[in-house]
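Asks: Take a look at this one; I'll ask things after.
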Amino acid sequence: MFIYTPPGYNSSTDRYPVLYLQHGGGEDERGWSQQGRTDIIMDNLIAQGKAVPMIIVMSDGNSRDFTEELIKECIPLVESNYRVIAGPEGRAIAGLSMGGIHALNAAITHPELFSNLGVFSSGWWATSAAPGGMGNDTEKYYDRIKKDTDYFNRQFRNVWISMGGKEDIAYNNCQVMMKRFDDLGLKYEYFETPGGHTWPVWRESLYRFAQRIFK
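Residue numbers for the sequence shown follow the working numbering, so the first one is 21 and each next one is one higher.
Shown next, in the form of structure tokens:
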């Protein structure tokens with residue numbers, strides 16, 4: 021994993037909230053730090069007072085069970101070695117494309133761990149014909165929301181979904197997912213910008229999402 025710490029981290033004793041930020045398919049932990057320009061985006065937002073100073077954890081999502089690895093290994097490691105606000109109020113999770121599905125799966129199965137969820141150019145697959153088994157049994161996540169929608173709406177301060185326009189390859193999956201959210205009564209915010217399934221869209225998504233969380 022790569023870990024971004026905000027300006028002043030080393031000279032302070034403050035504790036910071038953490039955004040767990042996941043890359044897309046075919047990439048690894050380098051995606052957000054190198055192509056995503058995470059440090060540049062966050063340094064500027066924090067300097068301008070538009071975002072709360074936060075730690076950002078960019079881990080390798082190419083694991084057999086991302087949610088299990090996140091909960092049993094990644095989060096404990098981060099919270100043991102960095103000055104963080106431990107608890108759902110200090111945790112957010114987001115991701116692009118495959119990472120968006122990882123974020124959805126983790127947040128919906130363990131809502132008690134997070135207060136903010138970001139889904140960039142992603143959404144559960146509308147059919148089971150998904151690569152890597154990522155389309156399997158998505159109904160279990162909708163069922164989980166249905167059982168206690170009010171709890172999810174109270175727990176998540178932000179469910180923020182973005183898409184790179186109709187040319188985005190994940191557009192249809194996302195529209196289907198949001199319709200299901202509407203039917204269930206799950207609250208979310210949707211943002212759409214031209215650009216397709218590309219890094220300019222995802223940088224814009226991080227820029228906007230980071231300004232909404234931990235406030």
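All C-beta atoms, glycine included, are put in the ideal place defined by N, C-alpha and C. Owing to the predicted nature of the structure, the values given are computational and were not obtained by experimental measurement.
Skipping 5 residues on each side, what residues in its chain have a beta carbon closer than 6 Å to that of S53?
Replies: The answer, listed in chain order, is F22, M78.
Asks: With distances taken Cα to Cα, identify the nearest neighbour of T224 among V104, G138, E109, V72.
Replies: Sequence inspection shows Glu at residue 224; the Thr mentioned does not correspond to that position. Residue G138 is the option with its Cα nearest to E224.
Asks: Near W219, what residues of its chain come up, given a Cβ to Cβ distance below 6 Å and the 5 sequence neighbours on each side ignored?
Replies: Correct list, in chain order: Q55.
Asks: Could you check the C-alpha separation between G153 and Y36 for me, to the nearest Å?
Replies: Because G153 carries a pLDDT of 49, less than 50, the predicted location of this residue cannot be relied on, and no value is offered for it.
Asks: With distance defined between alpha-carbon atoms, name the residue in G119, F134, D59 nearest to G46.
Replies: When each option's Cα is compared against that of G46, the closest is G119.
Asks: Using a Cβ-Cβ cutoff of less than 6 Å, which residues in the same chain neighbour L90 once the five nearest sequence positions on both sides are dropped?
Replies: Hits under 6 Å: A126.
Asks: Using DSSP bridges, identify the partner residues of A112.
Replies: A112 pairs with L39, N136.
Asks: Nearest-angstrom Cα distance between S32 and P96?
Replies: Rounded to whole angstroms, S32 to P96 spans 22 Å at the Cα level.
Asks: E159 by DSSP, collapsed to three states: which one?
Replies: Three-state DSSP puts E159 in a helix.
Asks: Tell me, which residues are paired with W180 by DSSP?
Replies: Its beta-bridge partners are G138, E209.
Asks: For V271, does the three-state DSSP call read helix, strand or coil?
Replies: The chain is shown only over 21 to 235; residue 271 falls outside these bounds and no answer can be derived.
Asks: For I165, collect the residues of the same chain with a Cβ closer than 7 Å to its Cβ; drop the 5 residues on either side in sequence, then sort them by chain order.
Replies: Excluding residues within five positions, the ones whose Cβ falls inside 7 Å are I128, F172, L204, L206.
Asks: Which first and last residues belong to the beta strand (DSSP E) in which Y24 is found?
Replies: Segment 22-24, the beta strand (DSSP E) holding Y24.
Asks: Taking the alpha carbon of A67 as the point to measure from, which residue in D48, G28, S100 has its own alpha carbon closest?
Replies: Measuring from the Cα of A67, the nearest candidate turns out to be G28.
Asks: Which residues bound the alpha helix (DSSP H) around V101?
Replies: The amino acid occupying residue 101 in the given sequence is Asn; Val does not appear at that position. First-last of the alpha helix (DSSP H) with N101: 95-101.
Asks: On the three-state DSSP scale, how would you describe A126?
Replies: Note: A126 maps to helix in three-state DSSP.
Asks: Cα separation between D168 and H217?
Replies: Taking the straight line from one Cα to the other gives about 32 Å.
Asks: Could you pull the start and end residues of the alpha helix (DSSP H) that N30 belongs to?
Replies: Note, N30: premise wrong, no alpha helix (DSSP H); not H, not E.
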